[in-house]
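>
Number of protein chains: 2
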Amino acid sequence: MRLCTLALASLCMAGPARADIPPLSEVAISTATALRDEHSTAGVAYGLVESLTTEVGPRMAGTEADVRAVAWARAKFEALGFDSVRVEPFSFPYWRRGHERGEVLSPFPQPLAVTALGGSEGTGDTPLEGEIVAFDSLAELQAAEPGAVEGKIVFITQRTQRFKDGRGYGLSVIGRSSGATEASKRGAVGLIIRSISTNSDRFPHTGMMRYAPDVKPIPAAAVSNPDADLLINMLGRGEPVRIRLDIDAETRGEAVSYNVIGDIVGRERPDEVVVIGGHLDSWDLGTGALDDGAGVGITMAAGAAILKQEQRPRRSVRVIAWGNEEQGLIGARAYAEAHAGQMSKHVLGAESDFGAGRVYALRAGVDARYWPVLEQIAAVLAPLGIAFEREGGGPGPDVIPLVQRGMPWAQLAQDGSDYFDYHHTANDTLDKIDSEALDQQAAAYAVLAFLAAEAEADFGRVPAQ
Amino acid sequence: MRLCTLALASLCMAGPARADIPPLSEVAISTATALRDEHSTAGVAYGLVESLTTEVGPRMAGTEADVRAVAWARAKFEALGFDSVRVEPFSFPYWRRGHERGEVLSPFPQPLAVTALGGSEGTGDTPLEGEIVAFDSLAELQAAEPGAVEGKIVFITQRTQRFKDGRGYGLSVIGRSSGATEASKRGAVGLIIRSISTNSDRFPHTGMMRYAPDVKPIPAAAVSNPDADLLINMLGRGEPVRIRLDIDAETRGEAVSYNVIGDIVGRERPDEVVVIGGHLDSWDLGTGALDDGAGVGITMAAGAAILKQEQRPRRSVRVIAWGNEEQGLIGARAYAEAHAGQMSKHVLGAESDFGAGRVYALRAGVDARYWPVLEQIAAVLAPLGIAFEREGGGPGPDVIPLVQRGMPWAQLAQDGSDYFDYHHTANDTLDKIDSEALDQQAAAYAVLAFLAAEAEADFGRVPAQ
């Protein structure tokens, strides 16, 4: 998952409920209940994540491994019996990471655990050396005296707070995404940030950043939480702290990747679709188990469960393994554009991209007249420990470009308390995943997608943005 | 801490207690009680570890940073007011680590998190490529069919179990120390082991290994726990798994390091000494906070507390920041040899080298006639949550060479439940340490050292080995 705006939460429109919305049928509820309690698919989601992380591993968009991931997803959709499987290409600037090393030069020489932020320029032929200047936050940098960082390396020290819903990420990630731009505007020669991380393991966390068009690109990297503490302790001695960054990274040329799409074709309204999915790409440091092998495995498994039912749902269920989410929802934006003409037929969308914790809440952004149908869905989900919450939440990141074109969304909110312990690090590996938790999520997605596709009613529209 | 034999546990000699052992005086007990409850030194141990990890950082024996660590320790002993501060040199073969990279070549290419074991040879100008062959343990490798590993890379998959007393380490570390020798004997071209680790973070754990004199040295490395799982999952597909190791490491020439010694000179029997300490060197991957900045900080702080008392204890208390423990108790062996003639005056020794967890037990290896004195010491320690255990335990690693020459030992056993989560990794950093836990340990060492030095009785001898 990358930066996810919550600005869309207001899309949960207010308005009176209407009595003319047809409720879900007893048969539909009964089928969904069976889906929920179905155990024949136990372990399917985990098996998919195991397969993806073992047989492909890290799969940053545009790499050779990304190509293998696309082939993997296509083959899995086919093996699971999806009615229609296809890929849809899109292109984007290719970012490459080479070596990366950091160290303190003075007053206390020692190595630093660093990683370049996605999209960062490298340090060139000569490593970058400079004095660091610490700021508690991006806002503090923006308020700095003119000249305060001229020729220096800005160090943003903000800590990311731990919350079940991961909102601490939203509070600190601006330093990652915009720090280099703000530092460069003020004459700094580089940026380091405390990793956007909720734990204290010595893994630097990567993640996307961007340069504003009018600033000189400067190298931007994250240090691990312990390294950030170390630098702060050094700065506490009162002497200048000089570091060296040796980063090989660049954005060069264009790459192509693909959204991989598996359709369960609806029996009555095949052109109307309920979209679920996760994103197929990962950062390059870990094996992308939590981010977002889990989401791909969960939603593929949910589709597989629906495929085992006696008949197809009324509408189509579309499972999408989104391409290049990490570098800016590239695949999702391409999909939304390519399918703009069919967006009115996209009745509901949800994405699993928040790790492997259990789902604890259903939230949605739909026309309020359709709350009664969501209440029926929520009643089926309740025995899974899932509450119906009428406020808050937002769509998964890859769903955003579709919601911006009017598609209603649902969210199966997961417990992400430890998500930012591992997110975007080398430590995002399979061992962090509990297979039974994935089963709970797969069941929840199966119920949601099936009932949304089976409903006589749709969910209205949300205001296009 | 490196491989620590428990074979010495039997040195706790049996025998009848005798009535002619003078007990500790009421004044001594009263002073020790004040030491225990003294809060003026709160935070001293943590401050020392913070200083060592911040101002020196990683300090592998023989490196430039090791030289800085020696200067640091000397300066700290002096600043704390020790009566006599000196260094004692010793030499050893110098091992150097350069770059290290691992990857799976086929069937599923992806990177591996690896680190060379201490003492390993590098892979030379050309990276080593080969098929891996997995064994559950060193014993299974030793039982393998002739030819089973010829030309291949042996992979020892044994897991290290978590125990409060860390004994899981003793059960698995043989694969690290002797794996390369046993693999080479059988014609293997390299060794990888599952890290001797109790957690599932993606840090490979280094640590010492040795080649038997008669075998061809082959590169030896550890992979992290998640990487070991990954390789096992790949092997489960039934195809050969080929990896590449690119390791720059070598043992070349001799280096010099130092034991740094701070004495508190006894008021009556200055030539009789009670030895406490930790080891000053660390591995190069982390900042050596737990291993063994903590032990150095704890025992220096204990000495500082004793120095604040109105008068010196009867005997001398010697705090030793041992040099080059990691590569084979090199400093301790040199000390034992250089001081062989005074070993009969070393009345008791203890080392803190098991991280930063609280002390929960006092154990000892002394002539059994002196148990009553230890019982008195234990009574003072009890309010710190420390039980007196009459069986088990063993001396800290650097104390072993002295115990082998007859010195009685004590052990302030720490809770090491999470010690092997961080041990010998890049993740051994200051944030893993709780300052209050260090205070408890420093108080315990102060009480033990003071009362052992103040006792009219000594603790006899243990059988020399």
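Sequences listed follow chains A and B, in order.
Numbering-wise (the numbering used here), the first sequence opens with residue 67 and increments by one.
Numbering-wise (the numbering used here), the second sequence opens with residue 67 and increments by one.
Glycine residues also receive a C-beta, built at the ideal position from the N, C-alpha and C atoms.
If you're wondering where the values come from, they're calculated on a predicted model, not measured in any experiment.
#1: CA-CA distance, Val-170 (chain A) and Ala-315 (chain A)?
#2: Per DSSP, which residues does Asn-325 (chain A) bridge with? Please list them.
#3: Given this structure, state the Cα-to-Cα distance separating His-345 (chain B) from Asp-500 (chain B), to the nearest angstrom.
#4: List the residues of chain A whose Cβ lies closer than 7 Å to the Cβ of Thr-495 (chain B), in chain order.
#5: In angstroms with no decimal places, state the Cα-to-Cα distance between Val-110 (chain B) and Gly-363 (chain B).
#6: Throw me the rounded Cβ distance for the Glu-522 (chain B) and Pro-88 (chain B) pair, which I believe falls under 8 Å.
#7: Quick one: grab the DSSP three-state call for Glu-206 (chain A).
#8: How would you list, in chain order, the residues of chain B whose beta-carbon sits under 7 Å from the beta-carbon of Thr-120 (chain A)?
#9: Answer yes or no: do Ala-512 (chain B) and Ala-422 (chain B) have a C-beta to C-beta separation smaller than 9 Å?
#10: Going by beta carbon distance, what residues of the same chain come within less than 6 Å of Ser-238 (chain B), once the five residues before and after it are set aside?
#11: Roughly how many whole angstroms lie between the Cα atoms of Glu-441 (chain B) and Ala-453 (chain A)?
#12: Does the Cβ of Asp-350 (chain B) have 16 or more other Cβ atoms within 10 Å, making it buried, or fewer, making it exposed?
#13: Exposed or buried, Ile-490 (chain B), counting other C-beta atoms within 10 Å across all chains shown (16 or more means buried)?
#14: With three or more beta-carbon pairs closer than 8 Å as the criterion, would you say the segment 88-100 of chain A touches the segment 275-292 of chain A?
#15: So what does Ser-382 (chain A) bridge to, in DSSP terms?
#16: Excluding the five sequence neighbours on either side, which residues of its own chain have a C-beta within less than 6 Å of the C-beta of Pro-529 (chain A), listed in chain order?
#17: When the distance is taken between beta carbons, is Thr-181 (chain B) closer than 9 Å to His-271 (chain B)?
#18: From the DSSP secondary-structure annotation, give me the bridge partner or partners of Val-255 (chain B).
#19: Given that a residue counts as buried once 16 or more other Cβ atoms are within 10 Å of its Cβ, and exposed if not, what is Lys-282 (chain A)?
#20: From B:Val-413, B:Pro-175, B:Lys-498, pick the residue whose C-alpha is nearest to that of Arg-381 (chain B); which is it?
#21: Would Arg-303 (chain A) count as contacting chain B if we go by Cβ distances under 9 Å?
#22: Flag this pair as yes or no: are the beta carbons of Gly-164 (chain B) and Thr-317 (chain B) separated by less than 9 Å?
#23: Helix, strand or coil for Ile-95 (chain B) per DSSP?
#24: Give me the residue from A:Gly-190, A:Glu-520, A:Pro-124 with the minimum Cα distance to Glu-334 (chain A).
#25: Going by the CB atoms, is the gap between Ile-396 (chain B) and Phe-156 (chain B) shorter than 9 Å?
#26: Can you find at least 3 beta carbon pairs, one from the segment 469-481 of chain B and one from the segment 423-435 of chain B, that sit closer than 8 Å?
#27: Using a Cβ cut-off of 9 Å, pull out every chain B residue sitting near Ala-515 (chain A), in sequence order please.
#28: Consult DSSP for Ser-172 (chain B) and reduce its assignment to one of helix, strand or coil.
#29: Indicate the three-state DSSP secondary structure (helix, strand or coil) for Pro-463 (chain A) in the structure shown.
#30: So for Phe-148 (chain A), helix, strand or coil by DSSP?
#31: Taking CB distances under 9 Å as the criterion, tell me whether Val-153 (chain A) reaches chain B.
#32: Could you check if Gly-459 (chain A) is buried or exposed, using at least 16 other CB atoms within 10 Å of its CB as the buried criterion?
#33: Within the 9 Å Cβ cut-off, does Ala-179 (chain B) reach chain A?
#34: So, does the CB of Lys-142 (chain B) fall closer than 9 Å to a CB anywhere in chain A?
#35: Going by DSSP, name the residue or residues bridged to Ala-416 (chain B).
#36: If you compare alpha carbons, which of A:Met-126, A:Ala-135, A:Gly-128 is closest to Ser-117 (chain A)?
Taking the definition as stated:
#1: Counting from one through the first sequence, the residue named residue 170 (chain A) turns up at place 104. Counting from one through the first sequence, the residue named residue 315 (chain A) turns up at place 249. Whole-angstrom Cα-Cα distance: 20 Å.
#2: Here residue 325 (chain A) refers to the residue found at position 259 of the first sequence. Beta-bridge pairing links Asn-325 (chain A) to A:Glu-154.
#3: Working through the second sequence from its first residue, we reach residue 345 (chain B) at position 279. Working through the second sequence from its first residue, we reach residue 500 (chain B) at position 434. Computed Cα separation, rounded: 19 Å.
#4: Position 429 of the second sequence, counted from the first residue, corresponds to residue 495 (chain B). What Thr-495 (chain B) touches in chain A: Arg-268, Pro-292.
#5: Mapped onto the second sequence, residue 110 (chain B) falls at position 44. Mapped onto the second sequence, residue 363 (chain B) falls at position 297. If you take the alpha carbons of Val-110 (chain B) and Gly-363 (chain B), they lie about 8 Å apart.
#6: The sequence position of residue 522 (chain B) within the second sequence is 456, counting from 1. The sequence position of residue 88 (chain B) within the second sequence is 22, counting from 1. 4 Å between Cβ atoms; contact.
#7: For the purposes of this step, residue 206 (chain A) is taken as residue 140 along the first sequence, with counting starting at 1. It is helical.
#8: The sequence position of residue 120 (chain A) within the first sequence is 54, counting from 1. Going along chain B in sequence order, the residues near Thr-120 (chain A) (Cβ under 7 Å) are Phe-174, Leu-296, Asn-299, Met-300.
#9: Position 446 of the second sequence, counting from 1, holds the residue named residue 512 (chain B). Position 356 of the second sequence, counting from 1, holds the residue named residue 422 (chain B). Not in contact: Ala-512 (chain B) and Ala-422 (chain B) (Cβ atoms no closer than 9 Å).
#10: Here residue 238 (chain B) is taken as the residue at index 172 of the second sequence, counted from 1. The residues are Gln-224, Thr-226, Ile-262.
#11: Locating residue 441 (chain B) in the second sequence gives position 375, where the first residue counts as 1. Locating residue 453 (chain A) in the first sequence gives position 387, where the first residue counts as 1. Each residue's alpha carbon lies about 59 Å from the other.
#12: The count along the second sequence starts at 1 and reaches residue 350 (chain B) at position 284. Buried, since its Cβ has 16 or more Cβ neighbours within 10 Å.
#13: Indexing the second sequence from 1 puts residue 490 (chain B) at position 424. The sequence given here places His at residue 490 (chain B); Ile does not occur at that position. Counting Cβ neighbours within 10 Å, His-490 (chain B) comes out buried, since at least 16 surround it.
#14: no
#15: Sequence index remark: in the first sequence, residue 382 (chain A) carries index 316 (1-based). Answer is A:Val-339.
#16: The sequence position of residue 529 (chain A) within the first sequence is 463, counting from 1. So no residue of the chain qualifies.
#17: If you number the second sequence from 1, residue 271 (chain B) lands on position 205. If you number the second sequence from 1, residue 181 (chain B) lands on position 115. For His-271 (chain B) and Thr-181 (chain B), yes; Cβs fall inside 9 Å.
#18: Indexing the second sequence from 1 puts residue 255 (chain B) at position 189. Paired residues: none, contrary to the question.
#19: On the first sequence, residue 282 (chain A) is found 216 positions in, with the first residue counted as 1. Lys-282 (chain A) comes out exposed.
#20: To locate residue 381 (chain B), count along the second sequence from 1; it is residue 315. Looking at the Cα atoms, B:Val-413 is the closest of the given residues.
#21: The residue labelled residue 303 (chain A) in the question sits at position 237 within the first sequence. Closer than 9 Å: yes.
#22: To locate residue 164 (chain B), count along the second sequence from 1; it is residue 98. To locate residue 317 (chain B), count along the second sequence from 1; it is residue 251. No, the pair does not count as a contact, with Cβ atoms beyond the cut-off.
#23: Position 29 of the second sequence holds residue 95 (chain B). Three-state DSSP puts Ile-95 (chain B) in a helix.
#24: Within the first sequence, the letter at position 268 stands for residue 334 (chain A). For the residues A:Gly-190, A:Glu-520, A:Pro-124, the minimum Cα distance to Glu-334 (chain A) belongs to A:Glu-520.
#25: Against the second sequence, residue 156 (chain B) aligns to sequence position 90. Against the second sequence, residue 396 (chain B) aligns to sequence position 330. Going by C-beta atoms, Phe-156 (chain B) is nearer than 9 Å to Ile-396 (chain B).
#26: yes
#27: As a position in the first sequence, residue 515 (chain A) is number 449, starting the count at 1. What Ala-515 (chain A) touches in chain B: nothing, since even the nearest Cβ is about 29 Å away.
#28: Taking the second sequence and counting its residues from 1, one reaches residue 172 (chain B) at position 106. Three-state result, Ser-172 (chain B): strand.
#29: In the first sequence, counting from the first residue as 1, residue 463 (chain A) sits at position 397. The answer is helix: DSSP assigns Pro-463 (chain A) an H, G or I state.
#30: Against the first sequence, residue 148 (chain A) aligns to sequence position 82. Phe-148 (chain A): coil per DSSP, three-state reduction.
#31: Within the first sequence, the letter at position 87 stands for residue 153 (chain A). With 9 Å as the cut-off, Val-153 (chain A) does not count as an interface residue toward chain B.
#32: Locating residue 459 (chain A) in the first sequence gives position 393, where the first residue counts as 1. Result: buried.
#33: Reading the second sequence from its first residue, position 113 is the one you call residue 179 (chain B). Output row for Ala-179 (chain B): interface = yes.
#34: Translated into positions along the second sequence, residue 142 (chain B) becomes position 76. No - not a single Cβ of chain A is within 9 Å of the one on Lys-142 (chain B).
#35: Mapped onto the second sequence, residue 416 (chain B) falls at position 350. The partner list for Ala-416 (chain B) (beta bridge, DSSP) reads B:Ile-342.
#36: Your numbering for residue 117 (chain A) matches position 51 in the first sequence. Of the listed residues, the one whose Cα sits closest to Ser-117 (chain A) is A:Ala-135.
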